[in-house]
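Position one of the sequence shown corresponds to residue 4 (full-length UniProt numbering), numbered consecutively onward. Beta carbons: idealized from backbone N, C-alpha and C, even for Gly.
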Amino acid sequence: KDSAPWWRSAVIYQVYIRSFADGDGDGVGDIEGIRSRLAYLRGLGVDAVWITPWYPSPMVDAGYDVADYTGIDRRFGTVGGAEALIADAHGHGLRVILDIVPNHTSDRHAWFEAALAAGPGGPERDRYVFRPGRGDDGGLPPNDWRSTFGGSAWTRVPDGEWYLHLFAEAQPDLNWNNAEVRRDFEKVLAFWFDRGVDGFRIDVAHGLIKQEGLPDAGEAGDVLQPTEREDHPHWDRDGVHEIFREWRKVADRYDGDRTFTAEAWVSGPKRLARYVRPGELQTAFNFDYLRAPWDAERLRAVIDKSLDALGSVGAPATWVLSNHDVVRHVTRYGRANTEGRGPRADVSEPLDLAMGTRRARAAALLMLALPGGAYVYQGEELGLPEVEDIPEDLLQDPVWERSGHTTRGRDGCRVPLPWSGDAPPFGFGPDGAATWLPQPESWKDLTAETQENDPGSMLELYRAALRLRRELPALGEGDLRWHETVPGVLLFSRTPGFACAVNLSATPFELPAHTGVLLASGPLDGDVLPHDTAVWLAV
Ligand code: TEU
């Protein structure tokens with residue numbers, strides 16, 4: 004186990020930089036803020052941090068609209084500060100993963116400005132996807148593709164051509180058939196590898212290659228994520244794999260097991276496994292797991308399919324419950340219908356936060372007991388719920404804007420973290436400094452400071468679980484054997500000497516024979532496991 008590359012069983016903590024910690028008091032998180040909290044991350048027991056985009060950006064999509072891939076936005080710090088952070092993190096035994104956004108740039112990137120200036124037919128335009136429109140005067144978009152955030156995926160420029168954007172208008176898609184685009188991104192990877200980063204999370208990895216001729220999507224256009232269809236004109240096309248095989252060669256020029264994780268919303272584990280074949284990327288987010296409802300059979304099916312599909316190409320599985328794009332899982336699990344619906348939560352459905360928290364505690368023990376690696380989204384270790392009552396005039400997410408305000412967007416999972424104290428900004432920044440999104444007053448009970456040393460807190464549960472993960476040889480990569488029980492209960496063992504039971508049913512469950520309780524997500528009743536509770540056992 005010790006000789007396996009670190010990323011095969013790593014627990015990676017997602018730092019959403021705007022909302023993690025504010026070092027300079029401008030209400031927005033930054034690099035100095037992260038540096039000041041490295042000891043906390045070390046104490047939590049994670050192996051690595053993944054930092055969301057910190058590059059110069061007009062921030063139309065919170066930094067996923069990049070204006071310069073080798074710079075740092077002044078709100079977040081400087082390249083020197085980034086180098087110091089990487090060194091400090093390594094000093095704390097934490098690896099550093101950056102977020103790279105290759106599907107699109109900002110419309111303020113010099114490449115796009117040159118493309119606009121070049122005019123139709125100019126070579127600079129070939130870095131992006133410009134086309135004449137349809138209809139007599141070219142006044143209709145070139146095809147029927149729709150933006151992930153709502154509306155047409157095409158915007159017309161003054162000279163009459165249209166450019167493609169699978170996300171916001173301010174995020175023009177790059178043309179990955181262009182050799183300069185490929186060459187420039189390999190230089191970007193090298194720039195950051197040279198500065199010591201341990202890997203990249205690849206944004207929208209499944210979107211880079213579009214079908215030749217850009218045919219209409221038809222019905223598939225309604226499928227914003229390719230959940231069902233395997234042949235989609237712009238998601239999950241074969242050509243993306245050739246790009247990532249080249250990227251892997253860049254990583255392999257460096258020592259220290261540099262790694263890539265694909266953010267690829269594809270139709271099931273088999274398609275996902277294609278991203279992590281030998282010679283390609285090492286890991287991929289398991290969004291099927293995130294999307295599974297709180298249901299024993301459905302979870303077990305995803306776990307089995309994931310282990311099978313990823314195992315067949317020699318890749319480790321990963322598990323993820325939350326990120327900056329989806330409703331926080333305390334809130335998802337607190338609604339009767341727990342289907343993982345991304346940002347499109349039905350806020351009118353009744354919410355039981357106590358139940359959601361109880362399930363989230365059990366879910367943490369389940370996730371951290373499974374073979375492979377896991378992701379922890381900042382604040383999930385504090386049990387933060389989605390903030391669903393942010394005043395509408397403060398919402399910033401382009402999903403909210405482009406949906407015509409039919410959804411609340413993704414701001415509710417992006418509220419700045421509560422660290423300490425009784426009132427906002429809860430130690431996120433200096434006292435008196437406003438935060439870029441308001442924090443609920445009720446978060447005084449959820450600060451890291453409040454939870455520290457409280458044995459019943461979510462924070463102490465994560466710490467204890469992560470400590471055991473390091474100590475127990477059975478955890479991390481390795482085997483998993485299911486034991487048949489009663490409906491609604493998951494029970495599996497791992498060698499040597501470990502078992503995990505999760506009761507997702509309403510009926511108390513009698514634990515099997517064991518030699519001790521290692522950790523439980525809530526109080527046990529002797530040897531009986533109550534509803535919505537998980538336990539780690541020595542066997
Ligand atoms: O997300 C890609 C993606 O497909 C999601 O946008 C998802 O469709 C959306 O959040 C609705 O669930 C990545 C980033 O994680 C996201 O924050 C960016 O907005 C997006 O790429 C564009 O760069």
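With the rule of 3 Cβ pairs closer than 8 Å, the stretch 373 to 383 counts as touching the stretch 17 to 25. By DSSP's assignment, residue 166 forms a beta bridge with 133, 158. Taken through DSSP and simplified to helix, strand or coil, residue 75 comes out as coil.
As computed with DSSP, residue 416 is found in no beta bridge at all. Distance check between residue 133 and each of 157, 139, 143, 112 places 157 closest, using alpha-carbon atoms only. Linking residue 192 to residue 273 through their CA atoms gives a straight-line distance of about 28 Å. 131 is the residue among 65, 131, 479, 322 whose C-alpha sits nearest the C-alpha of residue 179.
Remark: C-beta atoms of residue 436 and residue 522 do not approach each other more closely than 8 Å. If you compare the alpha carbons of 30, 26, 304 with that of residue 441, the shortest gap goes to 30. Nearest to residue 39 by C-alpha distance, out of 530, 339, 27, 285, is 27. Within the same chain, and ignoring the five residues on either side of residue 141 in sequence, the residues whose Cβ sits closer than 6 Å to its Cβ are 135, 163.
In this model, residue 109 and residue 116 are separated by some 10 Å (Cα to Cα). The stretch 507 to 518 and the stretch 383 to 392 do not touch, with fewer than three beta-carbon pairs separated by less than 8 Å. Residue 66 and residue 72 do not touch by the CB rule: their CB atoms are close to 12 Å apart, not below 8 Å. Under the 10 Å beta carbon count, residue 183 is surrounded by fewer than 16 other beta carbons and is classified as exposed. CA-to-CA, the gap between residue 315 and residue 491 works out to about 28 Å.
Rounded to the nearest angstrom, the Cβ distance from residue 265 to residue 284 is 5 Å, consistent with a contact under 8 Å.
The residues 4, 374, 497, 498, in chain order, have a CB closer than 8 Å to that of residue 481 in the same chain once the five nearest residues on each side in sequence are set aside.
Short of 7 Å from the beta carbon of residue 48, and not among the five residues preceding or following it, lie these beta carbons of its own chain, in chain order: 466, 469, 470, 473. In this structure the stretch 443 to 452 lies against the stretch 418 to 429, because at least three pairs of beta carbons, one per stretch, are closer than 8 Å.
Excluding five sequence positions before and after residue 161, none of the CB atoms of its chain fall closer than 8 Å to its own CB.
For residue 45, the CB contacts under 7 Å within the same chain, skipping 5 residues up- and downstream, are 95, 96, 97 in chain order. For residue 172, the distance from the CB to the nearest heavy atom of ligand 1 is not below 7 Å. Listed in chain order, the alpha helix (DSSP H) runs fully inside the stretch 371 to 421 are 401 to 405, counting runs of at least 4 residues. Straight across, the Cα-Cα distance linking residue 207 with residue 530 is about 46 Å. Residue 527 is not a Cβ neighbour of residue 542, given a cutoff of 8 Å.
For residue 16, the beta-bridge partners assigned by DSSP are 52, 379.
The Cβ neighbour count for residue 151, taken over all protein chains shown within 10 Å, is at least 16; the residue is labelled buried. About 11 Å separates the beta carbons of residue 392 and residue 414, which is beyond the 8 Å limit, so they are not a contact pair. If you compare the alpha carbons of 69, 137, 295 with that of residue 366, the shortest gap goes to 295. The shortest CA-to-CA distance from residue 186 to any of 318, 253, 419, 121 is the one to 253. When rounded, the separation of the alpha-carbon atoms in residue 7 and residue 51 is 16 Å. With contacts defined as CB atoms closer than 8 Å, residue 169 and residue 237 qualify as a contacting pair. Assignment of residue 88 by DSSP, reduced to helix, strand and coil, places it in the helix class.
DSSP places residue 195 in the helix class (H, G or I) of the three-state scheme. With contact defined as three or more Cβ pairs closer than 8 Å, the stretch 199 to 214 and the stretch 257 to 271 are in contact.
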